[in-house]
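**Student:** Just passing along the structure, written as structure tokens.
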Amino acid sequence: MTERTVLVLSGGGALGAYQCGVYRAMVRHMDSDALRTMVIVGASIGAVNGFLIASRMQDPDSGVSALKHFWRNVSLPSAPFLPMPDPRSRRLNAVLTGMAFGNPVILPGIPGGLIGGLYSYPHAASYTNTPLVRMVGDFAREYGGNDASGPRLMIRAIDIAEAAPVWFDSAQETIVPSMIGASSAIPLLFKPAWHDGRAYWDGDIWHQGIATPGLGRITQGQEGETERYHVVTVELFKRTTQQKLAIGAGSYLDHFRRMFMGARSDEDIDNIVGLQKGLRVTRIQRNPHPHEEDSAYLLDWSPERIEYLLAQGEADAEQAFSST
62 MTERTVLVLS GGGALGAYQC GVYRAMVRHM DSDALRTMVI VGASIGAVNG
112 FLIASRMQDP DSGVSALKHF WRNVSLPSAP FLPMPDPRSR RLNAVLTGMA
162 FGNPVILPGI PGGLIGGLYS YPHAASYTNT PLVRMVGDFA REYGGNDASG
212 PRLMIRAIDI AEAAPVWFDS AQETIVPSMI GASSAIPLLF KPAWHDGRAY
262 WDGDIWHQGI ATPGLGRITQ GQEGETERYH VVTVELFKRT TQQKLAIGAG
312 SYLDHFRRMF MGARSDEDID NIVGLQKGLR VTRIQRNPHP HEEDSAYLLD
362 WSPERIEYLL AQGEADAEQA FSST
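Numbering (this note's numbering), first residue to last: 62 to 385.
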């Protein structure tokens, strides 16, 4: 009986650099056939990483260099709002830079930054992901369809008119960059993203994570046990205990995220084990980086943070794959 890998990549803004590090280690532990036949389930920044991996799978290094190139290009030096050289001030400078300017390479802000966008919403939004869609298109114009010879790529977005999640699936259609934009438009911070005449919100803004419905879609209609699955989850956030109050800009933002979406990522992974007999799960869980309480996952794109996350993801994945 064959075993097929399912790589689950959820949202988390700049924390997506951690997913890049995980994939770098993953390539060392899987042969080329296993990589080409895996399924990638993604949303938000996970959809970006998933598209880059799948569309560049035919590269000699299975897309590692392309993914690393993307993350090195999107790092953003911080403006010196606070002149002190201590670590806390560096994190706050990065957050203030993101609030004021966004990330000009992929998520630029409007004049007035975060506050100006919230004040004028919905006529204007704080940021736009149009440059992100263009940048993704520079790596690959499309992926999937009848010519796909790499991983199956499944991307979730939220159809606003239907108030329901939808899947863009390379097994059924060609994946194009505008679908990535549809999966990465965060409500209040961005205007709705449009694809094929329909408006969408970020695919990770939903009460249920992507792992359970993604695996359900993969196994739908399968009769008998013809294939086993190894689910690899890259978890960017850990559950926040009710006793722990949010402290600092980054913690408050994460607290809001968990109230809005629930701690569903953790519960989602717990639930998938019962979906199929013999399912194997490898959980790669990120621990907070130093001074994360002063950071914000959507706003801090500083080079030192990106480099830390790349190395952290690679080290955590190396440990996880070596022990399985």
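All residues carry an ideal CB built from backbone N, CA and C; glycine is no exception.
Return helix, strand or coil for Asp263, following the three-state DSSP convention.
**Tutor:** Position 202 of the sequence shown, counted from the start, is the residue given in the question as residue 263. Coil at Asp263, not helix or strand.
**Student:** Specify, as a first and last residue, the run of the beta strand (DSSP E) that Gly103 falls within.
**Tutor:** Within the sequence shown, the letter at position 42 stands for residue 103. It spans Val100 to Gly103 - the beta strand (DSSP E) in which Gly103 sits, taken as one unbroken run.
**Student:** Check the C-beta distance from Leu386 over to Gly74 and give it rounded, since I have them as a contact under 8 Å.
**Tutor:** Since the first and last residues shown for the chain are 62 and 385, residue 386 lies out of range.
**Student:** In angstroms with no decimal places, state the Cα-to-Cα distance between Asp355 and Arg149.
**Tutor:** In the sequence shown, residue 355 corresponds to position 294, counting from 1. In the sequence shown, residue 149 corresponds to position 88, counting from 1. Rounded to whole angstroms, Asp355 to Arg149 spans 6 Å at the Cα level.
**Student:** Using C-beta distances below 7 Å, list every residue in its chain close to His352, excluding the 5 sequence neighbours before and after it, in chain order.
**Tutor:** Counting from 1 along the sequence shown, the entry for residue 352 is found at position 291. Excluding residues within five positions, the ones whose Cβ falls inside 7 Å are Pro148, Arg149 and Arg152.
**Student:** So what does Glu288 bridge to, in DSSP terms?
**Tutor:** By one-based count along the sequence shown, residue 288 stands at place 227. Answer by DSSP bridge pairing, in chain order: Thr63.
**Student:** Name the residue from Leu249, Asp220 and Glu365 whose alpha carbon lies nearest to the alpha carbon of Ala243.
**Tutor:** Locating residue 243 in the sequence shown gives position 182, counting from the first residue. Considering only alpha carbons, the answer is Asp220.
**Student:** Does the stretch 88-105 come close enough to the stretch 127-144 to have 3 or more Cβ pairs within less than 8 Å?
**Tutor:** Too few Cβ pairs lie closer than 8 Å, so no.
**Student:** Could you work out which residue in His350, Leu179, Gly374 and Pro192 is closest to Pro165 when comparing CA atoms only?
**Tutor:** As a first step, residue 165 is located in the sequence shown; it is residue number 104 there, counting from the start. Cα-wise, what sits closest to Pro165 is Pro192.
**Student:** With DSSP run on the structure shown, which of helix, strand or coil describes His256?
**Tutor:** Here residue 256 corresponds to residue number 195 of the sequence shown, with the count starting at 1. Here His256 sits in strand by DSSP.
**Student:** What does Ile236 pair with, by DSSP beta-bridge criteria?
**Tutor:** Your numbering for residue 236 matches position 175 in the sequence shown. Partner(s): Tyr204.
**Student:** I'd like the list of long-range same chain contacts for Pro226, defined as Cβ closer than 6 Å, with 5 residues on each side in sequence excluded.
**Tutor:** Locating residue 226 in the sequence shown gives position 165, counting from the first residue. Same-chain partners within the cutoff: Arg217, Ile219 and Trp267.
**Student:** From Arg133 to Asn110, what does the alpha carbon distance come to, in whole angstroms?
**Tutor:** Here the question's residue 133 lines up with position 72 in the sequence shown. Here the question's residue 110 lines up with position 49 in the sequence shown. About 13 Å.
**Student:** So, using beta-carbon positions, are Ala222 and Arg259 closer together than 8 Å?
**Tutor:** Reading the sequence shown from its first residue, position 161 is the one you call residue 222. Reading the sequence shown from its first residue, position 198 is the one you call residue 259. Cβ atoms of Ala222 and Arg259: closer than 8 Å.
**Student:** Taking only the alpha-carbon atoms, compute the straight-line gap between Glu296 and Pro248 and give it to the nearest angstrom.
**Tutor:** Translated into positions along the sequence shown, residue 296 becomes position 235. Translated into positions along the sequence shown, residue 248 becomes position 187. Glu296 and Pro248: Cα-Cα distance of roughly 22 Å.
**Student:** What do you get for Ser384, buried or exposed, if any count of 16 or more other CB atoms within 10 angstroms of its CB means buried?
**Tutor:** Position 323 of the sequence shown, counted from the first residue, corresponds to residue 384. Looking at its Cβ environment, which holds fewer than 16 other Cβ atoms inside 10 Å, Ser384 is exposed.
**Student:** So, helix, strand or coil for Met322, using DSSP?
**Tutor:** Numbered from 1 along the sequence shown, position 261 holds the residue referred to as residue 322. Here Met322 scores only 49 on pLDDT, less than 50, and its place in the model should not be relied on; the value that follows carries that caveat. In the structure shown, Met322 sits in a helix (DSSP, three-state: H, G or I).
**Student:** Leaving out five residues before and five after Ile236 in sequence, what residues of the same chain have Cβ atoms less than 7 Å from its Cβ?
**Tutor:** The residue you call residue 236 lines up with position 175 of the sequence shown. Cβ neighbours of Ile236 beyond the five flanking positions: Phe112, Glu203, Tyr204, Gly205, Leu214, Ile216 and Phe229.
**Student:** When we look at the beta-carbon of Ser210 and count the other beta-carbons within 10 Å, is it buried (16 or more) or exposed?
**Tutor:** For the purposes of this step, residue 210 is taken as the residue at position 149 of the sequence shown. By the 10 Å Cβ count, Ser210 comes out exposed.
**Student:** Closest to Ala272 by C-alpha separation, out of His130, Ile176 and Asp329, would be which residue?
**Tutor:** Indexing the sequence shown from 1 puts residue 272 at position 211. Of the candidates His130, Ile176 and Asp329, the one whose C-alpha sits nearest the C-alpha of Ala272 is Asp329.
**Student:** Taking the continuous beta strand (DSSP E) assigned at Trp132, which residues delimit it?
**Tutor:** Position 71 of the sequence shown, counted from the start, is the residue given in the question as residue 132. First-last for Trp132: Val125 to Val135, but that is the alpha helix (DSSP H), not the beta strand (DSSP E).
**Student:** According to DSSP, simplified to helix, strand and coil, what is Met145?
**Tutor:** Working through the sequence shown from its first residue, we reach residue 145 at position 84. Met145 falls in the coil class under three-state DSSP.
**Student:** With distances taken Cα to Cα, identify the nearest neighbour of Ile367 among Val69, Ile101 and Cys81.
**Tutor:** Stepping through the sequence shown from its first residue, residue 367 is reached at position 306. It is Cys81.
**Student:** Indicate the three-state DSSP secondary structure (helix, strand or coil) for Arg50 in the structure shown.
**Tutor:** Residue 50 is absent from the model: the chain starts at 62 and stops at 385.
**Student:** Just curious, the alpha helix (DSSP H) that Val88 is in, first and last residue?
**Tutor:** Within the sequence shown, the letter at position 27 stands for residue 88. Segment Gly77 to His90, the alpha helix (DSSP H) holding Val88.
**Student:** Could you tell me which residues DSSP puts in a beta bridge with Thr294?
**Tutor:** Along the sequence shown, one-based indexing puts residue 294 at 233. DSSP, once it has assigned bridges, lists Val69 and Arg344 as partnering Thr294.
**Student:** Leaving out five residues on either side along the sequence, give the residues of the same chain with a beta carbon under 6 Å from the beta carbon of Glu379.
**Tutor:** Mapped onto the sequence shown, residue 379 falls at position 318. Taken in chain order, the residues that qualify are Ala86.
**Student:** Taking the alpha helix (DSSP H) that Ala378 belongs to, which residues open and close that run?
**Tutor:** On the sequence shown, residue 378 is found 317 positions in, with the first residue counted as 1. Per DSSP, Ala378 belongs to the alpha helix (DSSP H) from Pro364 to Ser383.
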